[in-house]
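**Student:** Right, I'll just put the structure down here and ask away after.
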Amino acid sequence: MTIKTHNLGYPRIGDKRELKFTLEAYWKGEKTLADLEKQARGLRYQNVQTQIDAGIELIPVNDFAYYDQVLNMSTLLGVIPKRFRQDRFDVEVAFRMARGRAPSDDQPCLDGHDHAPDKSKAGYAGAMKKWFDTNYHYIVPELYDDTEFKITDTRLFDEVAESLALKSDGTNIDFKPVLVGPVTYLYLAENVSNAIPKLSRLPSLLAVYQQVLQKLADLGINWVQIDEPILGLELSTEWHNAFNQAYAELAQIPVKLLLATYFETLGDNLNLACNLPVAGLHYDGLRGEKQLKDLVEQYPAEKVLSLGLVDGRNIWKTDVNAAIASLKAAKTKFGDHLWIAPSCSLLHVPVNLEVEEKLNPELKTYLAFAKQKLAEVKLLADGLNGQADQQALQANAQAIAAKQTSKLIHNAQVQARLAQLDQIALDRPLPYSEREKLQKGKFNLPLFPTTTIGSFPQTQEIRQARRQFKNGELTEAQYIEAMQAEIRDVCERQERMGIDVLVHGEPERNDMVEYFGEQLDGYAFTQFGWVQSYGSRCVKPPIIFGDVSRPKPMTVSWSQYAQSQTDKTMKGMLTGAVTMLQWSFVRNDQPRETTCNQIALTLRDEVLDLEKAGIHMIQIDEAALREGLPIKKSDWADYLRWAVNSFRMTTSGVQNDTQIHTHMCYSEFNDIIDAVAAMDADVITIETSKSNMKLLDAFVDFEYPNEIGPGVYDIHSPNIPTVEQMVRLIEKAAKLIPAERLWVNPDCGLKTRGWAETEPALANMVKAAQQLRAQF
Ligand code: GLN
Ligand code: ZN
0 MTIKTHNLGY PRIGDKRELK FTLEAYWKGE KTLADLEKQA RGLRYQNVQT
50 QIDAGIELIP VNDFAYYDQV LNMSTLLGVI PKRFRQDRFD VEVAFRMARG
100 RAPSDDQPCL DGHDHAPDKS KAGYAGAMKK WFDTNYHYIV PELYDDTEFK
150 ITDTRLFDEV AESLALKSDG TNIDFKPVLV GPVTYLYLAE NVSNAIPKLS
200 RLPSLLAVYQ QVLQKLADLG INWVQIDEPI LGLELSTEWH NAFNQAYAEL
250 AQIPVKLLLA TYFETLGDNL NLACNLPVAG LHYDGLRGEK QLKDLVEQYP
300 AEKVLSLGLV DGRNIWKTDV NAAIASLKAA KTKFGDHLWI APSCSLLHVP
350 VNLEVEEKLN PELKTYLAFA KQKLAEVKLL ADGLNGQADQ QALQANAQAI
400 AAKQTSKLIH NAQVQARLAQ LDQIALDRPL PYSEREKLQK GKFNLPLFPT
450 TTIGSFPQTQ EIRQARRQFK NGELTEAQYI EAMQAEIRDV CERQERMGID
500 VLVHGEPERN DMVEYFGEQL DGYAFTQFGW VQSYGSRCVK PPIIFGDVSR
550 PKPMTVSWSQ YAQSQTDKTM KGMLTGAVTM LQWSFVRNDQ PRETTCNQIA
600 LTLRDEVLDL EKAGIHMIQI DEAALREGLP IKKSDWADYL RWAVNSFRMT
650 TSGVQNDTQI HTHMCYSEFN DIIDAVAAMD ADVITIETSK SNMKLLDAFV
700 DFEYPNEIGP GVYDIHSPNI PTVEQMVRLI EKAAKLIPAE RLWVNPDCGL
750 KTRGWAETEP ALANMVKAAQ QLRAQF
C-alpha cells in the first residue's frame with residue numbers, strides 16, 4: 000500500500016469563468032435551466048477528469064455549487080426561511096435565498112446582493128459573511144422557531160450518483176462527498192429567534208446529518224469529508240461538548256469520516272480533534288505549521304492523518320523536496336495511513352496557470368494555480384512513496400532555488416530602505432489637539448463641512464476611454480485629455496452643488512487596488528486569475544511577487560490638475576497599504592508585515608509628493624483593515640500593531656497643517672476602536688447611514704478624539720435621500736459627537752451610481768449641512 004492523494008475541493012467557476020457567464024445569462028432569462036445544468040455537469044465532469052489525470056485518488060463531490068456550498072447545506076438540511084418556502088424545493092428557491100427578490104416587484108435583483116436589513120420583508124436575500132479569513136462569502140443560514148431540519152434538497156445525492164457512475168473497475172479512484180460539518184454549520188448560523196438556544200438545536204440537526212450519511216453509505220460511499228474549520232477558532236467548553244456529542248452520534252453511521260480543519264492551528268482544540276471518533280483528520284500543515292509536530296505525535300497511528308502542505312490559499316509553487324523531508328516522521332508513524340492533499344479547498348486560488356499568456360515567463364515558473372497544485376500533491380506523495388519522477392523533483396528544486404536569488408523578486412534598494420525603518424518616526428510631529436488648530440486656521444471650513452469619499456459615477460464614456468487607451472486606440476495625450484475633461488466636469492458639478500472639499504472623482508481608476516498595483520514594481524496582474532467571491536462574482540487579486548517600489552508618482556499629476564481647476568480644497572486619494580496587501584496574493588517568503596511596510600513606504604513617498612505639489616488634504620482608504628484580522632483573537636494585537644504602524648508610516652511625514660483622512664466602508668468598530676484611534680488620522684469617514692448612526696457608539700464610548708464623517712446616506716441604494724432624512728441623521732450624530740468634529744459625507748464612493756441620482760442626492764446633502772449650520 001502507498002500514501003494516498005486526495006483533494007478537498009476544486010474551483011467550480013471554470014478556467015475562464017464559464018459558470019459565471021452561464022449563471023448570469025440564466026438569471027437574465029437568456030438561458031434556460033437546462034442550459035445551466037448542462038454547463039454545470041460539463042464543469043463537474045471536467046474537474047473530475049482534471050483530478051484523475053493529475054493522479055488524485057480520492058476526489059471531492061459536492062464541492063460544486065451554483066452559488067455557495069453553505070447555501071447548499073441549508074437547502075439540503077431544510078433550513079429555508081419561510082419567506083422563500085414553496086411546496087416543492089427547486090433551484091430557484093436557492094437562488095432567491097442567495098439573491099433575494101426586489102420587494103416591489105417579482106423580479107430577482109440583478110445587480111449583486113441585497114443585504115437583509117429587515118428579515119421580515121418579503122424576498123430579502125440572506126446575509127452574506129466572509130468565510131473565515133478568505134475573500135469567499137457564504138449565505139448565512141437563518142434559524143427560526145419554526146425551522147425544522149429535514150432533507151429537502153436532493154442534489155447532493157444526484158451528484159454523488161453522477162460521480163460514482165464515472166468509477167471504472169481496476170482503478171483506485173474513488174469519490175468523497177464534502178459536507179460542512181454540523182458543529183461549524185450551527186456555529187455560523189444566525190439564530191434569528193432566540194427562543195430556542197442555538198446549541199439545543201444540535202440533536203435534531205444531528206439526526207438529519209445521520210440520515211444524510213446513511214444515504215451516502217447506501218449509495219456506496221466509503222469516505223465522507225466533513226469540514227469543521229471552526230476547530231481553528233478559540234472555542235468555549237460548550238462548543239467542545241458539541242463536538243463530542245456530534246461525532247459520537249455520527250460515528251453510528253457506517254461510513255468513514257475524514258474530519259477536515261484548515262486555515263489555522265488547532266490551538267487548544269488539539270486534544271479534542273485527536274480524540275473525536277472519526278476515521279481520520281485532515282490538517283492544514285502550512286497555516287498550522289506550529290502544531291504540526293505535536294499533531295503527528297498525538298494523533299492515533301491507526302487512523303488516517305491527511306496533511307496539507309500544498310497551499311490552497313496562495314499561488315506559489317510548493318517546495319516539494321522540503322515538504323517531503325518535513326513529512327518523514329509522519330510517514331514513519333502513519334505509513335499508508337498518511338494522506339496528502341492541498342492545505343484546504345482549492346476554491347481560494349485561480350484555476351489554471353496554463354491559460355496565462357502575458358505573465359512574465361520567469362514569474363510563471365514560480366507559480367502554481369489549482370490545476371498545478373494537484374500535480375504537486377501527486378509529486379509529493381510519489382516522493383514519500385519513493386517513486387517520484389526525479390526530473391520533476393529536480394525541476395521543482397531548481398525553480399525554488401532560482402526564486403531565492405532572483406532579481407525579479409529581490410531588490411537591494413528596497414531592502415536597504417527597509418533595514419532603516421526604525422529611523423522613521425511614526426508619530427506626527429504634533430498631537431491632534433494641536434494639529435486641529437493649525438488645520439482649522441488653514442482650511443477655514445464651515446461647521447459640518449461637506450465632502451465625498453472619492454469616486455464619482457464611472458460612466459460608459461469613462462470606461463470606454465480607459466479601454467481604448469489600454470488597447471492603443473487612444474494616444475496617451477488623448478487619454479489624458481479625456482480624463483482631464485472628466486475631472487473638469489466633476490469639479491464644476493461639485494462647485495455648483497456647493498460641496499466644501501472636492502475630489503477629482505477617480506475616473507482614471509478601474510479599481511482601487513489594481514490602479515496602484517499596476518504602477519508599482521513587484522506587482523503582477525493575471526489575465527484569468529479569478530477567484531470566486533460570492534455567487535457569480537469573482538475577484539482577480541494581483542500578485543505581490545517581489546520587493547515593492549514606486550518607479551514614479553502615481554496620482555500627483557491628476558490631483559494637481561484637479562486642484563488647478565478650483566479654489567476650494569482638493570482632497571488627494573490613495574489606497575492604504577493594508578488594503579493593498581489584503582486584496583492581493585502575497586509573498587510567502589517573508590512576513591505579511593514586511594510586505595505591508597514596503598507598500599507603506601511607497602505610499603509615504605506618494606503622500607509627500609502630493610503635499611509638495613500643493614495637495615494638503617489627503618485621504619488614504621483602508622477599506623480592508625478589519626478584514627485582515629486573524630482568525631484567532633489572540634493574534635489580533637500583533638496584526639493591529641503592524642497594520643496601524645503601516646498607516647502611521649504612510650502619513651507621519653507630512654506637515655502638521657496637512658490634513659490626513661482615512662475611509663473605512665463598514666462600522667463594526669467596537670473591538671478595534673483603539674487601533675483605529677492609534678492610526679491618528681485627522682478625519683475618518685465611515686459607513687453608518689443604514690445603522691441610523693447607532694454604529695457611532697464605539698467612537699462615543701471610546702471618546703474618540705479626532706474628526707469623524709459618519710455617512711449620511713447609503714450609496715448602495717438608488718434612492719435619493721431627502722434633506723430631512725439627512726438632517727435627522729446629522730442631528731443624531733451631533734448628539735453623540737461634538738459638532739465641531741463632524742463632517743458630512745455619503746457612506747462610500749459613488750462610482751457605481753449614475754449622475755441622475757448622485758447629483759440630487761449630494762445637493763440635498765449640502766442643503767442638510769447648511770440647514771444645520773443655521774441651527775448650531
Ligand atoms: N475612494 C474610494 C472610492 O470612492 C473608496 C472606495 C470604498 O469606499 N471602498 O471609490
Ligand atoms: Zn467605502
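The sequence shown maps to residues 0 to 775 in numbering that gives the first Met the number 0.
Ideal Cβ positions, reconstructed from N, Cα and C, are used throughout, including at glycine.
Is any heavy atom of the ligand ZN found at a distance shorter than 6 Å from the C-beta of C807?
**Tutor:** Any property of residue 807 remains undetermined from this structure, which presents the chain solely from 0 to 775.
**Student:** From the DSSP output, in three-state form, read off P341 for me.
**Tutor:** Along the sequence shown, read from residue 1 onward, the residue named residue 341 stands at position 342. It is a strand residue.
**Student:** Sorted by chain position, which residues of the same chain lie with C-beta nearer than 6 Å to N395's C-beta, five sequence neighbours on each side aside?
**Tutor:** What you label residue 395 is simply residue 396 of the sequence shown in a count that begins at 1. Cβ within range, chain order: V319.
**Student:** Here's the rule I'm using: 16 or more other beta-carbon atoms within 10 Å means buried, otherwise exposed. How should T183 be labelled?
**Tutor:** In the sequence shown, counting from the first residue as 1, residue 183 sits at position 184. Buried is the call here.
**Student:** Where does P360 fall in DSSP's three states?
**Tutor:** Walking along the sequence shown from the start, residue 360 turns up at place 361. Looking at P360 - three-state DSSP - the assignment turns out to be helix.
**Student:** Helix, strand or coil for G453? Go by DSSP, reduced to three states.
**Tutor:** Taking the first residue of the sequence shown as 1, we reach residue 453 at position 454. Coil at G453, not helix or strand.
**Student:** Can you tell me whether I707 sits near the ligand GLN, meaning its C-beta is under 6 Å from at least one heavy atom of the ligand?
**Tutor:** In the sequence shown, residue 707 corresponds to position 708, counting from 1. Flag unset: Cβ of I707 not near the ligand GLN.
**Student:** Using C-beta distances below 6 Å, list every residue in its chain close to I229, excluding the 5 sequence neighbours before and after it, in chain order.
**Tutor:** Here residue 229 corresponds to residue number 230 of the sequence shown, with the count starting at 1. Contacts found: T183, Y186.
**Student:** So which of Q463, D335, D488, V60 has the shortest CA-CA distance to T4?
**Tutor:** Along the sequence shown, read from residue 1 onward, the residue named residue 4 stands at position 5. Ranking Q463, D335, D488, V60 by Cα distance to T4 puts D335 first.
**Student:** Could you tell me the alpha carbon to alpha carbon distance between P540 and D34, rounded to whole angstroms?
**Tutor:** In the sequence shown, counting from the first residue as 1, residue 540 sits at position 541. In the sequence shown, counting from the first residue as 1, residue 34 sits at position 35. Straight-line Cα distance between these residues: approximately 30 Å.
**Student:** In the region 681-717, which residue ranges form an unbroken alpha helix (DSSP H) of at least 4 residues, counting only runs that do not cross its ends?
**Tutor:** Runs found: 696-701.
**Student:** Residue range of the beta strand (DSSP E) that W222 falls in?
**Tutor:** One-based indexing of the sequence shown puts residue 222 at position 223. Unbroken beta strand (DSSP E) run through W222: 222-226.
**Student:** Check each candidate in Q244, K332, D144, V177 and name the one with the smallest Cα separation from K255.
**Tutor:** Within the sequence shown, residue 255 is the residue found at index 256, counting from 1. Checked all of Q244, K332, D144, V177; the closest Cα to K255 is V177.
**Student:** Indicate, with yes or no, if the ligand ZN has a heavy atom lying under 6 Å from the CB of C747.
**Tutor:** Taking the first residue of the sequence shown as 1, we reach residue 747 at position 748. Yes, the ligand ZN has a heavy atom inside 6 Å of this Cβ.
**Student:** In whole angstroms, what separates the C-alpha of S235 from that of V653?
**Tutor:** Here residue 235 is taken as the residue at index 236 of the sequence shown, counted from 1. Here residue 653 is taken as the residue at index 654 of the sequence shown, counted from 1. Distance between the alpha carbons of S235 and V653 is about 46 Å.
**Student:** Excluding the 5 residues flanking L562 on each side, which residues of the same chain have their C-beta closer than 7 Å to its C-beta?
**Tutor:** Translated into the one-based positions of the sequence shown, residue 562 becomes position 563. According to the sequence provided, residue 562 is Gln. The question's Leu does not apply to it. Within the same chain, Q562 has close Cβ partners M569, G613, I614.
**Student:** Going by the DSSP bridge assignment, what does R536 pair with across the sheet?
**Tutor:** Translated into the one-based positions of the sequence shown, residue 536 becomes position 537. Note: R536 sits in a beta bridge opposite Y533.
**Student:** Distance check for S342 and Y282, CA to CA, integer angstroms please.
**Tutor:** Position 283 of the sequence shown, counted from the start, is the residue given in the question as residue 282. Position 343 of the sequence shown, counted from the start, is the residue given in the question as residue 342. Cα-Cα distance, rounded: 7 Å.
**Student:** Can at least three beta-carbon pairs, one atom from the region 579-596 and one from the region 528-546, be found at a separation below 8 Å?
**Tutor:** Result yes; three or more Cβ-Cβ pairs closer than 8 Å.
**Student:** Who are the near neighbours of P780 in its chain, counting only those whose CB is closer than 8 Å to its CB and skipping five residues on each side?
**Tutor:** No answer is possible for residue 780: it lies beyond the span of the chain, which begins at 0 and ends at 775.
**Student:** Does DSSP put H660 in a helix, in a strand, or in coil?
**Tutor:** Here residue 660 is taken as the residue at index 661 of the sequence shown, counted from 1. H660: strand per DSSP, three-state reduction.
**Student:** Return yes when at least one heavy atom of the ligand GLN lies under 6 Å from the C-beta of A328, else no.
**Tutor:** Numbered from its first residue, the sequence shown carries residue 328 at position 329. No, the Cβ of A328 stays beyond 6 Å of every heavy atom of the ligand GLN.
**Student:** Less than 6 Å between the CB of K372 and some heavy atom of the ligand GLN, yes or no?
**Tutor:** Counted from its first residue, the sequence shown places residue 372 at position 373. No, the ligand GLN has no heavy atom inside 6 Å of this Cβ.
**Student:** Any Cβ of chain B within less than 7 Å of the Cβ of G497?
**Tutor:** The question asks about chain B, but that chain is absent: this structure has only one protein chain.
**Student:** Measure the beta-carbon distance from A576 to S645 and round it to whole angstroms, keeping in mind my assumption that it falls under 8 Å.
**Tutor:** Position 577 of the sequence shown, counted from the start, is the residue given in the question as residue 576. Position 646 of the sequence shown, counted from the start, is the residue given in the question as residue 645. Yes, A576 and S645 are in contact; Cβ-Cβ is about 4 Å, under 8 Å.
**Student:** Answer yes or no: do I683 and T661 have a C-beta to C-beta separation smaller than 7 Å?
**Tutor:** Within the sequence shown, numbered from 1, the residue matching residue 683 stands at position 684. Within the sequence shown, numbered from 1, the residue matching residue 661 stands at position 662. Yes; because the gap between Cβ atoms is below 7 Å, this pair is in contact.
**Student:** On the three-state DSSP scale, how would you describe N6?
**Tutor:** For the purposes of this step, residue 6 is taken as the residue at position 7 of the sequence shown. DSSP places N6 in coil when its eight states are reduced to three.
**Student:** DSSP state of E758, grouped into three classes?
**Tutor:** Position 759 of the sequence shown, counting from 1, holds the residue named residue 758. Reduced to three states, the DSSP call for E758 is helix.
**Student:** Out of S73, Y135, L437, state which residue places its alpha-carbon closest to the alpha-carbon of E626.
**Tutor:** In the sequence shown, counting from the first residue as 1, residue 626 sits at position 627. Comparing Cα-Cα distances from E626 to each of S73, Y135, L437, the minimum goes to Y135.
**Student:** Can you tell me whether D388 sits near the ligand GLN, meaning its C-beta is under 6 Å from at least one heavy atom of the ligand?
**Tutor:** Here residue 388 is taken as the residue at index 389 of the sequence shown, counted from 1. No, the ligand GLN has no heavy atom inside 6 Å of this Cβ.
**Student:** Between the alpha carbons of I317 and V309, how many angstroms are there, rounded?
**Tutor:** The residue given as residue 317 occupies position 318 in the sequence shown. The residue given as residue 309 occupies position 310 in the sequence shown. The sequence shown places Thr at residue 317, rather than the Ile named in the question. Whole-angstrom Cα-Cα distance: 6 Å.
**Student:** Rounded to the nearest angstrom, what separates A101 and A124 at their Cα positions?
**Tutor:** In the sequence shown, the residue the question calls residue 101 occupies position 102. In the sequence shown, the residue the question calls residue 124 occupies position 125. In this prediction, A101 scores a pLDDT of 42, lower than 50, which makes its location untrustworthy; no coordinate-derived value is stated.
**Student:** Please name the residue or residues paired with P59 in a DSSP beta bridge.
**Tutor:** In the sequence shown, counting from the first residue as 1, residue 59 sits at position 60. Beta-bridge pairing links P59 to K175.
**Student:** Who pairs with W315 in a beta bridge, going by DSSP?
**Tutor:** If you number the sequence shown from 1, residue 315 lands on position 316. According to DSSP, which records beta bridges pairwise, W315 is partnered with L366.
**Student:** Compute the Euclidean distance between the alpha carbons of G708 and M496, then round it to the nearest angstrom.
**Tutor:** In the sequence shown, counting from the first residue as 1, residue 708 sits at position 709. In the sequence shown, counting from the first residue as 1, residue 496 sits at position 497. When rounded, the distance between both Cα atoms is 19 Å.
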